[in-house]
Amino acid sequence: MSDELVLEMRGIRKEFPGVVANDDVSLDVRPGEVHALLGENGAGKSTLMNILYGLYKPDAGEIRIKGKPVSFGSASDAIQAGIGMVHQHFMLIPVMTVAENVVLGTEPVRDRVLLDETAAERRVADMAKTFKFAVDPGALVQDIGVGQQQRVEIMKALYRNADILILDEPTAVLTPQEALDLFEILRTLRHEGVSIVFITHKLGEVLEIADRITVLRRGKTIETVSREGATEQSLARAMVGRDVLLRVEKPPAEVGDILLEVEDLWVSDDRGIEKVRGVSLEVRSGEIVGIAGVDGNGQTELIEALTGLRRAERGVTRVGGRELHHASTREVLDAGLGHIPEDRQRRGLVLEFSLAENVALHDYGRPPDSKWGWLFPKRLIERARRLIEEFDVRGGGPLTPAGALSGGNQQKIVAAREISRDPRALIAAQPTRGLDVGAIEYLHRRLVTERDEGRAILLVSLELDEILSLSDRILVLYEGEIVGKHSGAASEEQIGFEMVGLKNEAPAA
Amino acid sequence: MTEPKKDIVESPEQAASTGTLAARLSLSQRAGGVAVPVATVMLAFLIGGLVVLATGHNPLDAYHDIFDGAGLNWIFHPTTSTQTTAAYNLSQTLLQSATLILTGLAVAFAFRCGMFNIGGQGQYFVGLIVANWLGVSFSGMSPLPHILIAIIGATLAGAAWAGIAGVLKATTGAHEVISTIMLNYIALYTATWLFGDGGPLQNSTQPTVPVSNPIASSAQLPVIWGTIGFQGLDIGFLIAIAALVVFWALINRTTLGYEVRAVGFNPEAAAYGGINVKKNLVRAMAISGAFAGLAGAIDMLGYLYQYGSLDVAVSQVGFIGIAVALLGRNTALGVFLGSLIFGGLIYGTTQGLSSNVIQPELATNLTYIIQGLVVLFIGADILILYVWNSRKRLRRQSPPQAPAKAAVY
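Residue numbers (my numbering), protein chains in the order written: chain A, 1 to 509; chain B, 1001 to 1409.
Written out as structure tokens, the structure is:
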């Protein structure tokens, strides 16, 4: 294997308003290697790959392909340069055959206008043979399995002469057996000289297939290591980070009564798959309980069930001692549960509404906001003005549409609304996602203040740093179950292992 | 180039949310202001003028005569010789406008809740039927209770009719556009049967004429401008104006309107806020239908008095209400202005236009041409903004090299 690099990305920076998605990220890929790009959700993997594929323009940094500097204006430039990408969601036409899908756009033609189907099928069959893909070129895409569809996507890229193949979490949609088959194919491709960038957050796969591994965390390159010498433990440590980046000053918790209690909660998602499996927890007055976990392990369903947005299959919730059973959102609100939702733009705010109207989202139906169904806009405006000042919301007044504010200020308005309702318990889901440091600091301080006021706070976050710096107790959620409980000085490493499902370590005390 | 704010949001779901009708509409509202409706009207009249030109007539003369036919010369260039005719024409224009205000509000209210009520025509028929039935029954009652009974009955009937589409949407997810269109046909054929030969509401004196009985004089609305026997302007116009005020207050000053708007803009946030989204869908459809049912009532009690199966076949006021609402951007003031334009067009093109200025066959149809163009342009306005935004999305997400372009979908 030569030392010449097929792909170099140096000092890549990409900033979205309020968020630095990539900050001085570097990645280099050798010919014929499988290079894993490892990181938590939001670590910047997808942004980096979208830059490589020409979908985003980097703010700074340099990309070289086979030593030549390139600048991609679009995905077609990237394809031209030999880069292929297989997305998590396939982009195939179900009613067309495998061969038709593969050649689409660069079809072999006969008689000038007609698709030469035999030629297409022959070429695709040749390719399938070379790379040992077990795919029937004549089969309709809708009739073949997900694993095979993925192979069609890979063939599409190869047909366009890609020698750098980006796979975005390719095993997320596969069964374990299909994943093994995929790895077999990747080994063949590697043997044929194709370089592969493999995006994932699953450690086991990385050690199975990757030659080298680059770890991203919070938009930065943490390290690039060879598989030799790497262990699940060392990778997990690099991935979730050991140093707490944001320190929050907080006095020791003075806990009181249990204000939020969950007993044996079972929740299914829209497709009927059990996402929360027998979760029990309690949050006391004056403490912050953090739920750590990788995205998709049941956090969303847990929160939705607690807040009445989703019906639990089984289980009991108590807020301030009041038992809630299949309660509506309204009943949950009335029991004294506040909720900072994980997606403020989709759920937390009506972006077209003014701040005054948004502030009234829970209470518009009762005095002083309204009486006998008649709304008093002046009172809404008055309250909004007060909260805007108290929570230091910038960028608009009571009549400004919420959509016109920056993310941080939008989140402050959500927090202002929830906290000003004086809830006994508060669920804060991803309260600082996508915010800049200033806003993060403000919200963190505020959550601690509210804790000290005697509220029970349940913090759900994908950012382990946030969980570690704010929580008095930490629960780890993995595949819908609480797999770890920690209090006091929690071991970050241990939590990190539990988050990715490693159970071989003895549980911490 | 700076990318617009929408494009920097974190989640793909966010981008998808621009796909809803209400979101697109609100987008176009923010982008267009009043310029778009004004431009739309001008462009529609311009193209309508080209059609007139194509038939060998001078569009300016045609529009001038339509203007006078609508009675607008009563206000703008009064002359003593034409003043009586002009006054009458204007009263007829306002009579048309009153109906369109209500059918326009029927579309606008549902729109504010994120739904497209195409069923105004059917809800209007239901209102007409019930108003006729109640107006014919109870003869000998004193006028006030009789009128109230007929109006309330017709309004509730319209609400119930539209409510069916709301219930279907809330319970089964059936799209309101489809169900209201189907309900239109049911209402249309029911009306044809009821008023037709041998139908239950057909008149008892002339068994071969497919027309209903006239309502009792006690159910006739008082006339405020003109003469009662000569289709004067009745208090239905004032009822329609009052409905505009009710619409405005309901939307902007009540908790009901707050819920309607929240659901219309963002159902997920509304649910998070504690609002019952399904209840609001049903209720908003019912209120929409109430406006259209009321339109049927004031027409029946105000000046039609009786109705025939042939009238059923040609009535278009429910559909023109769509153009009125779209043009008026679903606001009370906008609906009022839109209804004046279309009321003027409807009456102005039907009354005594000389064949020297416009082809007689074209006259009434010019209204429908302009109506169609208005809907098309307003729709295109949303469409253009939508395409503009999805073009940006596509550029960011997919591999748009020629081969891959088709594969995106």
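Ideal Cβ positions, reconstructed from N, Cα and C, are used throughout, including at glycine.
Being a predicted model, the structure only gives us computed values, none of them experimental.
**OP:** For A:Ser370, go through chain B and note every residue whose CB falls closer than 7 Å to its CB, in chain order.
**Re:** For the purposes of this step, residue 370 of chain A is taken as the residue at position 370 of the first sequence. Per Cβ cutoff of 7 Å: Thr1255.
**OP:** Identify each residue in the region 345 to 358 of chain A for which the Cβ-Cβ distance to at least one residue of chain B is less than 8 Å, and report them in chain order.
**Re:** Gln345, Arg346, Arg347, Gly348, Leu349, Val350, Leu351, Glu352, Phe353, Glu357
Original post:
Counting only beta-carbon atoms, is A:Leu458 nearer than 8 Å to chain B?
Top reply: In the first sequence, residue 458 of chain A corresponds to position 458, counting from 1. A:Leu458 does not count as touching chain B.
Original post:
So what does A:His486 bridge to, in DSSP terms?
Top reply: Indexing the first sequence from 1 puts residue 486 of chain A at position 486. A:His486 is bridged to A:Ile474.
Original post:
How many Å lie between B:Gly1120 and B:Ala1295 at the Cα?
Top reply: Your numbering for residue 1120 of chain B matches position 120 in the second sequence. Your numbering for residue 1295 of chain B matches position 295 in the second sequence. Straight-line Cα distance between these residues: approximately 10 Å.
**OP:** Measuring only between beta-carbons, confirm whether B:Tyr1258 sits less than 8 Å from chain C.
**Re:** The chain inventory of the structure shown lacks chain C, comprising the protein chains A and B.
Subject >> DSSP state of A:Phe497 mapped onto helix, strand, coil >> reply: If you number the first sequence from 1, residue 497 of chain A lands on position 497. A:Phe497: helix per DSSP, three-state reduction.
Subject >> N- and C-terminal bounds of the beta strand (DSSP E) containing A:Val262 >> reply: Looking up residue 262 of chain A in the first sequence gives position 262. It spans 258 to 268 - the beta strand (DSSP E) in which A:Val262 sits, taken as one unbroken run.
Original post:
Taking Cβ to Cβ, would you say B:Val1335 is nearer than 8 Å to B:Leu1244?
Top reply: Within the second sequence, residue 1335 of chain B is the residue found at index 335, counting from 1. Within the second sequence, residue 1244 of chain B is the residue found at index 244, counting from 1. Yes, the pair counts as a contact, with Cβ atoms nearer than the cut-off.
**OP:** State yes or no: is the beta carbon of A:Pro341 nearer than 8 Å to at least one beta carbon in chain B?
**Re:** Translated into the one-based positions of the first sequence, residue 341 of chain A becomes position 341. Yes, its Cβ sits closer than 8 Å to a Cβ of chain B.
**OP:** Give me the Cα-Cα distance between A:Lys275 and A:Glu261, rounded to the nearest whole angstrom.
**Re:** For this step, residue 275 of chain A is matched to residue 275 along the first sequence. For this step, residue 261 of chain A is matched to residue 261 along the first sequence. Those two C-alpha atoms are separated by around 19 Å.
Original post:
Closer than 8 Å, CB to CB, is A:Arg383 near chain B or not?
Top reply: Numbered from 1 along the first sequence, position 383 holds the residue referred to as residue 383 of chain A. So, not an interface residue.
Original post:
Taking Cβ positions, are A:Gly61 and A:Arg30 nearer each other than 8 Å?
Top reply: In the first sequence, counting from the first residue as 1, residue 61 of chain A sits at position 61. In the first sequence, counting from the first residue as 1, residue 30 of chain A sits at position 30. No, Cβ-Cβ distance for A:Gly61 and A:Arg30 is not below 8 Å.
Original post:
If you draw a straight line from the alpha carbon of B:Leu1050 to that of B:Leu1366, how long is it in whole angstroms?
Top reply: As a working mapping, residue 1050 of chain B is identified with position 50 in the second sequence. As a working mapping, residue 1366 of chain B is identified with position 366 in the second sequence. Answer to the nearest angstrom: the Cα atoms are 11 Å apart.
**OP:** Check each candidate in A:Ala425, A:Val476, A:Arg217 and name the one with the smallest Cα separation from A:Val240.
**Re:** Residue numbering aside, residue 240 of chain A sits at position 240 when the first sequence is read from its first letter. Closest option to A:Val240, Cα to Cα, is A:Arg217.
Original post:
Are A:Leu281 and A:Leu426 close, meaning C-beta to C-beta below 8 Å?
Top reply: For the purposes of this step, residue 281 of chain A is identified with residue 281 of the first sequence, where counting begins at 1. For the purposes of this step, residue 426 of chain A is identified with residue 426 of the first sequence, where counting begins at 1. Result no, Cβ atoms of A:Leu281 and A:Leu426 do not sit closer than 8 Å.
**OP:** Taking A:Lys202 as part of the beta strand (DSSP E), name the residues at either end of that continuous run.
**Re:** As a first step, residue 202 of chain A is located in the first sequence; it is residue number 202 there, counting from the start. Taken as a continuous stretch (DSSP letters only), A:Lys202 belongs to no beta strand (DSSP E), as it is neither H nor E.
Original post:
Hey, A:Ile166 and A:Tyr53 are a contact pair by Cβ (cut 8 Å); roughly how many whole angstroms apart?
Top reply: The residue given as residue 166 of chain A occupies position 166 in the first sequence. The residue given as residue 53 of chain A occupies position 53 in the first sequence. 7 Å between Cβ atoms; contact.
**OP:** Report the residues of the region 1266 to 1285 of chain B with a CB closer than 9 Å to any CB of chain A, ordered along the chain.
**Re:** Asn1266, Glu1268, Ala1269, Ala1270, Ala1271, Tyr1272, Gly1273, Gly1274, Ile1275, Asn1276
Original post:
Just how far apart, CA to CA, sit B:Phe1265 and B:Pro1210?
Top reply: By 1-based counting over the second sequence, the position of residue 1265 of chain B is 265. By 1-based counting over the second sequence, the position of residue 1210 of chain B is 210. Using only the alpha carbons, I get a separation of about 46 Å.
**OP:** Please state whether DSSP places A:Ala335 in a helix, a strand or coil.
**Re:** Mapped onto the first sequence, residue 335 of chain A falls at position 335. The answer is coil: DSSP assigns A:Ala335 none of H, G, I, E or B.
Original post:
By the 10 Å Cβ neighbour count, where 16 or more other Cβ atoms means buried, how is B:Tyr1185 classified, buried or exposed?
Top reply: In the second sequence, residue 1185 of chain B corresponds to position 185, counting from 1. Classification for B:Tyr1185: exposed.
Original post:
Do the CB positions of A:Ala335 and A:Val359 come within less than 8 Å of each other?
Top reply: Translated into positions along the first sequence, residue 335 of chain A becomes position 335. Translated into positions along the first sequence, residue 359 of chain A becomes position 359. Going by C-beta atoms, A:Ala335 is not nearer than 8 Å to A:Val359.
Original post:
A:Asp163: which of A:Leu186, A:Gln345, A:Glu15 sits nearest, CA to CA?
Top reply: If you number the first sequence from 1, residue 163 of chain A lands on position 163. Checking every option, the nearest Cα to that of A:Asp163 belongs to A:Leu186.
Subject >> Where A:Leu309 meets chain B, residues with beta-carbon distance less than 9 Å >> reply: On the first sequence, position 309 is the one that residue 309 of chain A refers to. Within 9 Å Cβ-Cβ: Glu1268, Ala1271, Tyr1272.
Subject >> Partners in chain B for A:Trp374, counting only beta-carbon separations shorter than 7 Å >> reply: Walking along the first sequence from the start, residue 374 of chain A turns up at place 374. The contacting residues are Arg1253, Thr1254.
Original post:
In whole angstroms, what is the alpha-carbon distance linking B:Gln1316 and B:Gly1122?
Top reply: Within the second sequence, the letter at position 316 stands for residue 1316 of chain B. Within the second sequence, the letter at position 122 stands for residue 1122 of chain B. Cα to Cα, B:Gln1316 sits roughly 10 Å from B:Gly1122.
**OP:** Kindly list the residues whose CB is nearer than 6 Å to the CB of B:Gly1226, restricted to its own chain and excluding five residues on each side of it in sequence; keep chain order.
**Re:** Locating residue 1226 of chain B in the second sequence gives position 226, where the first residue counts as 1. Ser1091, Gly1232, Leu1233.
Subject >> Close beta carbons around B:Asp1065, own chain, < 6 Å, minus the five adjacent residues each side >> reply: Locating residue 1065 of chain B in the second sequence gives position 65, counting from the first residue. For B:Asp1065, where only same-chain residues beyond five positions count, the Cβ hits under 6 Å are Leu1353, Val1357.
Subject >> Sequence-distant residues of its chain with Cβ nearer than 7 Å to B:Gly1321 (five each side left out) >> reply: The count along the second sequence starts at 1 and reaches residue 1321 of chain B at position 321. These residues qualify, in order along the chain: Leu1100, Thr1103, Gly1104, Ala1106, Val1107, Gly1120.
Subject >> Residue-chain proximity (A:Leu333, chain B), Cβ-Cβ < 8 Å >> reply: On the first sequence, position 333 is the one that residue 333 of chain A refers to. A:Leu333 counts as touching chain B.
Subject >> Close Cβ partners of A:Glu493 (< 8 Å) along its chain, the five nearest in sequence each way excluded >> reply: On the first sequence, residue 493 of chain A is found 493 positions in, with the first residue counted as 1. Taken in chain order, the residues that qualify are Gln233, Ala236, Arg237, Arg242.
Subject >> Inter-residue Cα distance where the pair is A:Val194 and B:Ala1262 >> reply: Taking the first sequence and counting its residues from 1, the one referred to as residue 194 of chain A is at position 194. Taking the second sequence and counting its residues from 1, the one referred to as residue 1262 of chain B is at position 262. Approximately 52 Å between the Cα atoms of the pair.
Subject >> Whole-angstrom C-beta distance between B:Thr1255 and A:Ser370, which should lie under 8 Å >> reply: Taking the first sequence and counting its residues from 1, the one referred to as residue 370 of chain A is at position 370. Taking the second sequence and counting its residues from 1, the one referred to as residue 1255 of chain B is at position 255. Their Cβ separation, rounded to whole angstroms, is 5 Å, which keeps A:Ser370 and B:Thr1255 in contact under 8 Å.
**OP:** Say whether chain A places a C-beta atom closer than 8 Å to the C-beta of B:Ala1262.
**Re:** Indexing the second sequence from 1 puts residue 1262 of chain B at position 262. Chain A contact via Cβ: present.
Original post:
Can you tell me the Cα-Cα spacing of A:Pro58 and A:Trp374, whole angstroms?
Top reply: By one-based count along the first sequence, residue 58 of chain A stands at place 58. By one-based count along the first sequence, residue 374 of chain A stands at place 374. So the two alpha carbons sit approximately 51 Å from each other.
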